[in-house]
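In what follows, a structure is listed as structure tokens, so that the remarks can point back to it.
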Amino acid sequence: MPNAGSPPLAGLRPVDHYKSRLPKWRYALREKLLPLVRWETPYLAIIQQHVRTPFLDSYFAVTANLGTHTFFMIFLPGLFWFGLNTLGRAMVHCLLIGGFLTGFFKDMFCLPRPLSPPLHRITMSGSAALEYGFPSTHSANAISVVVYILLALKDNTTWSPLTHLAIQAGCAIYAFSILFGRIYCGMHGFLDVGFGTVMGAALAAVQYYCEDIIDSWVYSGHWAVPWIIILTVLFFVRIHPEPADNCPCFDDGVACIAVVMGINVGHWHYAQGIFSSQYPVPGTVPYSLEELGWVKSIARILLGVVIIFLWREVAKPTLHKVLPPIFRIVDKSGLAHNRRHFVKATEYKKVPDLAEDSIREIPNVIRNIRRTRSDSVGPQSEADAYETIAYREKVRRESISKGVVPPTVVEESPFEDDKKHGLGSELGPSDERAVFDMIERPRVRYDVEVVTKLVVYFGIAFFAVELVPLVYEIVGLAATPVR
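Each residue of the sequence shown is one higher than the one before, starting from 1 at the first, in the UniProt record's numbering.
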């Protein structure tokens with residue numbers, strides 16, 4: 001079986017790597033933006049060196065978890081199960097469309113994160129550094145939440161001015177923790193955070209000012225609604241840019257957009273049924289604390305989580321067994337669309353168990369939440385490795401053009417930590433191999449995983465707003481619908 005996770009040949013020069021793998025217009029855009037990433041790196045290092053403390057390391061590493069779409073996907077279903085339909089739909093649209101779009105642009109531009117060294121990467125995530133840097137998904141997610149809440153808050157006349165002030169202060173602290181935290185932790189630069197911030201604010205504004213139009217269309221019950229939603233999602237999955245390196249952005253993007261599809265198709269159907277409330281908006285899951293009490297309210301959460309995990313436990317391994325033979329037939333017919341970093345079904349017999357996450361991974365999820373922060377220096381991904389080599393090649397050429405013999409270590413370079421880590425300005429083939437040996441190997445990915453993610457995450461969202469409320473009716477955990 002081919003090792004899709006192995007690093008590329010070290011002899012492949014960085015410039016040739018991106019020039020040969022990207023369309024001309026994408027390569028040209030990358031070359032325009034790359035100098036900005038390199039220019040800001042030493043300034044980011046100065047900020048990090050002057051403000052770092054052990055407390056802030058832990059604080060920003062922990063709060064970074066509050067800006068991931070994974071965090072929101074864990075807690076979003078509860079909004080629907082407790083009747084907060086409008087807020088739940090807004091968060092799904094802002095956060096998960098934002099997750100898809102930031103991944104789309106990351107794979108389009110293939111821009112590296114700020115270079116390490118000199119920056120230290122402070123994180124609790126083992127996979128975040130494997131993605132490209134531009135734009136920042138954390139920033140887009142955080143700002144979309146903050147902007148939407150502040151826009152919705154201005155329409156609220158029932159809460160006291162003190163409550164408004166407290167919410168605004170909380171939003172400010174949250175936004176600062178995520179945005180500055182990305183820079184502090186060495187994960188993103190000003191360009192990444194700035195573009196992510198603009199994208200998040202734009203998504204929140206579109207959602208807020210257009211949500212009545214969007215919701216009335218989804219709740220209309222017209223038969224064309226689900227087909228338009230599904231075809232639109234499949235179109236954007238199909239045109240997602242092919243990255244030059246083995247980046248997991250596409251995987252996350254597929255999961256995000258599948259949830260958006262599932263939520264909207266589920267609401268389209270559930271809103272027409274007899275069990276949904278029409279107040280405050282159609283498709284609302286009936287809920288009343290006075291009617292159900294705390295015990296049944298907690299039971300609703302537990303039952304909903306169990307249903308979702310059971311669906312994933314059954315669906316993923318089933319699809320991983322059923323889909324490969326189908327994909328082989330499609331591939332032999334010449335109709336397959338194979339992405340560069342995915343192994344084709346004709347090249348493997350089955351998807352290994354290691355690629356099938358399940359209920360058995362719950363203890364690992366808990367351990368990841370509790371895991372200590374890591375402080376790493378050096379390349380962590382293929383993009384990092386290529387940028388490390390490319391920067392030193394750039395310094396070497398500039399030195400030669402000035403008539404200076406390139407030193408083994410560039411003393412005047414802003415990358416002062418290079419000396420400690422043995423990364424000189426002029427790297428031979430063996431040195432390049434050493435750089436690639438430092439990075440974490442991406443796991444092998446299989447072609448059937450794309451369709452599997454679409455189906456599984458569509459099902460998770462669809463069940464959250466359609467099946468789970470129906471189960472509440474069956475087991476006696478439902479409240480009386482409001483008509």
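C-beta atoms are modelled at their ideal positions from N, C-alpha and C, and glycine is treated no differently.
Owing to the predicted nature of the structure, the values given are computational and were not obtained by experimental measurement.
Beta carbon of residue i nearer than 8 Å to that of residue j
| i | j | result |
| --- | --- | --- |
| F60 | C185 | yes |
| T102 | G181 | no |
| V343 | R445 | yes |
| L33 | F109 | yes |
| P324 | K350 | yes |
| A315 | P112 | no |
| D192 | I122 | no |
| A90 | Q207 | yes |
| S144 | G98 | yes |
| V281 | N85 | yes |
| V285 | P469 | yes |
| H120 | I178 | no |
| R38 | Y391 | yes |
| T452 | L319 | yes |
| P42 | P118 | yes |
As assigned by DSSP and simplified to three states, the class of residue i
| i | result |
| --- | --- |
| D122 | The question names Asp, yet the displayed sequence has Ile at residue 122. It is a strand residue. |
| S277 | strand |
| Y446 | strand |
| V482 | coil |
| G428 | In this prediction, G428 has a pLDDT of 48, which is less than 50 and means its spatial position is unreliable; what the coordinates show is noted afterwards. Correct three-state label for G428: coil. |
| V343 | strand |
| S376 | strand |
| T284 | strand |
| P325 | helix |
| T53 | coil |
| residue 490 | Only positions 1 to 483 of the chain appear in the structure, and residue 490 is not among them; the question remains open. |
| S58 | helix |
| N368 | With a pLDDT of 49 at N368, under the threshold of 50, the modelled position of this residue cannot be trusted; read the value that follows with caution. Looking at N368 - three-state DSSP - the assignment turns out to be helix. |
| C256 | helix |
| Y386 | helix |
| M187 | coil |
| N65 | helix |
| Q207 | helix |
| E242 | coil |
| C249 | helix |
| H337 | coil |
| S381 | coil |
| W223 | coil |
Whole-angstrom distance between residue j and residue i, CA atom to CA atom
| i | j | result |
| --- | --- | --- |
| P77 | S160 | 29 Å |
| I183 | H337 | 37 Å |
| S447 | P481 | Contrary to the premise, residue 447 reads as Asp rather than Ser in this sequence. Taking the straight line from one Cα to the other gives about 43 Å. |
| I460 | K394 | 48 Å |
| A479 | P241 | 45 Å |
| S116 | G253 | 26 Å |
| D222 | I214 | In the sequence on display, residue 222 carries His and not Asp. Distance between the alpha carbons of H222 and I214 is about 13 Å. |
| P114 | G189 | 6 Å |
| N156 | T346 | 58 Å |
| N246 | R21 | 12 Å |
| A140 | L153 | 20 Å |
| residue 553 | F236 | Because the chain here runs from 1 to 483, residue 553 falls outside it and cannot be looked at. |
| P243 | K106 | 8 Å |
| L303 | L79 | 15 Å |
| F134 | Y348 | 34 Å |
| Y148 | C210 | 12 Å |
| A385 | P379 | 5 Å |
| S277 | L130 | 44 Å |
| I47 | R443 | 34 Å |
| K19 | E31 | 10 Å |
| L203 | A224 | 25 Å |
| Y472 | R340 | 44 Å |
| H50 | V62 | 20 Å |
| R328 | F104 | 27 Å |
| L477 | W294 | 11 Å |
| I474 | R300 | 12 Å |
| K296 | L289 | 9 Å |
| K332 | G200 | 42 Å |
| V450 | I228 | 20 Å |
| L96 | M187 | 21 Å |
Chain C contact for residue i (CB, 8 Å cutoff)
| i | result |
| --- | --- |
| V146 | No chain C appears in the structure shown, which is made up of a single protein chain. |
Taking one C-beta from the region 257-268 and one from the region 206-221 each time, how about it: are there three or more such pairs within less than 8 Å?
-> yes
Does the region 310-320 touch the region 455-463, meaning 3 or more C-beta pairs lie closer than 8 Å?
-> yes
Could you tell me whether the region 225-236 touches the region 163-182, where touching means 3 or more Cβ pairs closer than 8 Å?
-> no
Just checking, does the region 465-472 make contact with the region 266-286 on the three C-beta pairs under 8 Å criterion?
-> yes
In chain order, which continuous runs of the alpha helix (DSSP H) of length 4 or greater are located wholly inside the region 82-160?
-> 85-91, 97-109 and 137-153
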